[in-house]
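Presented below is the structure to which this report refers.
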Amino acid sequence: MKRLDTSEIIFKVLAYVLVTLFALATLYPFLYTVFAAISSKTAMDSGSVVFWPVDPDFLAVKAFFEDPNRGVALWRSYTNTLFYTFYGTLFSMGVSIFAGYALAKSNLLFKRQIAFFIVFTMWFSAGLIPTYYNYKDLLVSNRWGIIYGFGVQAFNIILLRNYFQGISKEIEEAAIVDGANELQLLTTIYIPMSKSAIATVTLFYALSRWNGYFWNRILVANTNEHPLQVVLRAIVQESGDTETGFNYPYSLRSLAYAAIVLSVIPIIIIYPYLQKYFARGVNVGGVKE
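According to the numbering used here, the residues represented by the sequence shown are 446 to 734, in order.
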């Protein structure tokens, strides 16, 4: 085994120390959120919760399961978020796959012009106010409107197009000789051979839908259709009102942190299964033309 000289030992020690500190700095906010969610009201209001839970109880977490006033709003928003995430991702993937497939075909009429107009939206946007009035005129004011109005992202279409372009044309020609049509080419060759790119784009869309806040808050007037992030924001705002929380057995800050913990559990469960596709999927994201 090669012996390390002094400079290499110092470099390795510094590297490990820095990586460890960075990992702790990244992990600490999440751990603090959990500690704050299960700490007692007295500990939270006195500010004594720093590195571990103090006098732990689960009253704030239980409030979402036992208190109808708390639970109904949270679980309704949870259902709305699942609705936005599932149907929104399904719709977005359908449009993006067909668009990416069409742009990957060499015989598509006005291919370069169409690709330019799609990429153009990545460089320039209309701005906040014109975009808002555009959505208002298009009646984007409910759950289905949000799903259709924010259906696709140009970057994801280009990412899929690039991946589809890398698939061997000989395989496609062999399928055409066997009588395959365009839909069969897409479903039996392109989609099965592009699982990593499709999984990556699916995760992009799913995370975007799951974390959707701003446009849902601005455009959707019916509070019963608000997603989880909008309700979380309301809970966090309420946590700053000390008079409102005076009569509760838990701190309103603990309630806000408990809501945050409950909201990220599905992402924590799903993300490790899709993470392995990221490296291969994102590597094909460069725009080549």
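All C-beta atoms, glycine included, are put in the ideal place defined by N, C-alpha and C.
If you're wondering where the values come from, they're calculated on a predicted model, not measured in any experiment.
1) Contact defined as beta carbons within less than 8 Å: I believe VAL499 pairs with SER484. What is the distance between those atoms, to the nearest angstrom?
2) Could you give the C-beta distance for SER541 and VAL597, rounded to a whole number, given that I count them as a contact under 8 Å?
3) For the region 657-687, list the alpha helix (DSSP H) runs that are entirely contained and at least 4 residues long, ordered along the chain.
4) Pop quiz: TRP655 and THR526 are said to be a contact at Cβ under 8 Å. What is the actual Cβ separation, rounded to whole angstroms?
5) Express the C-alpha separation of THR471 and LEU463 in angstroms, rounding to a whole number.
6) On the three-pair Cβ rule with 8 Å, is the region 611-624 touching the region 692-701?
7) Output yes or no for whether 9 Å exceeds the beta carbon distance between GLY590 and VAL676.
8) Would a check of beta-carbon distances place LEU652 closer than 9 Å to chain B?
9) From what residue to what residue does the alpha helix (DSSP H) around PRO575 run?
10) In its own chain, which residues sit with a C-beta less than 6 Å from the C-beta of ALA460, not counting the 5 before and 5 after it?
11) Exposed or buried, ILE574, counting other C-beta atoms within 10 Å across all chains shown (16 or more means buried)?
Short version:
1) Counting from one through the sequence shown, the residue named residue 499 turns up at place 54. Counting from one through the sequence shown, the residue named residue 484 turns up at place 39. About 5 Å; that satisfies the 8 Å criterion.
2) As a working note, residue 541 is residue 96 in the sequence shown. As a working note, residue 597 is residue 152 in the sequence shown. Under the criterion of beta carbons closer than 8 Å, SER541 and VAL597 qualify as touching, at roughly 5 Å.
3) Counting only unbroken stretches of 4 or more residues, the alpha helix (DSSP H) elements lying wholly within the region 657-687 are 659-664 and 673-684, in sequence order.
4) Working through the sequence shown from its first residue, we reach residue 655 at position 210. Working through the sequence shown from its first residue, we reach residue 526 at position 81. Between THR526 and TRP655 the Cβ distance is about 6 Å, and since that is below 8 Å, they are a contact.
5) On the sequence shown, residue 463 is found 18 positions in, with the first residue counted as 1. On the sequence shown, residue 471 is found 26 positions in, with the first residue counted as 1. C-alpha separation (whole angstroms): 12 Å.
6) Output reads no: the region 692-701 does not touch the region 611-624.
7) Against the sequence shown, residue 590 aligns to sequence position 145. Against the sequence shown, residue 676 aligns to sequence position 231. No.
8) No chain B appears in the structure shown, which is made up of a single protein chain.
9) On the sequence shown, position 130 is the one that residue 575 refers to. Counting along the chain, the alpha helix (DSSP H) containing PRO575 begins and ends at 573-582.
10) Counting from 1 along the sequence shown, the entry for residue 460 is found at position 15. Closer than 6 Å at the Cβ level, and outside the excluded window around ALA460, lies no residue.
11) One-based indexing of the sequence shown puts residue 574 at position 129. Taking a 10 Å sphere around the C-beta of ILE574, we find fewer than 16 other C-beta atoms and assign the residue as exposed.
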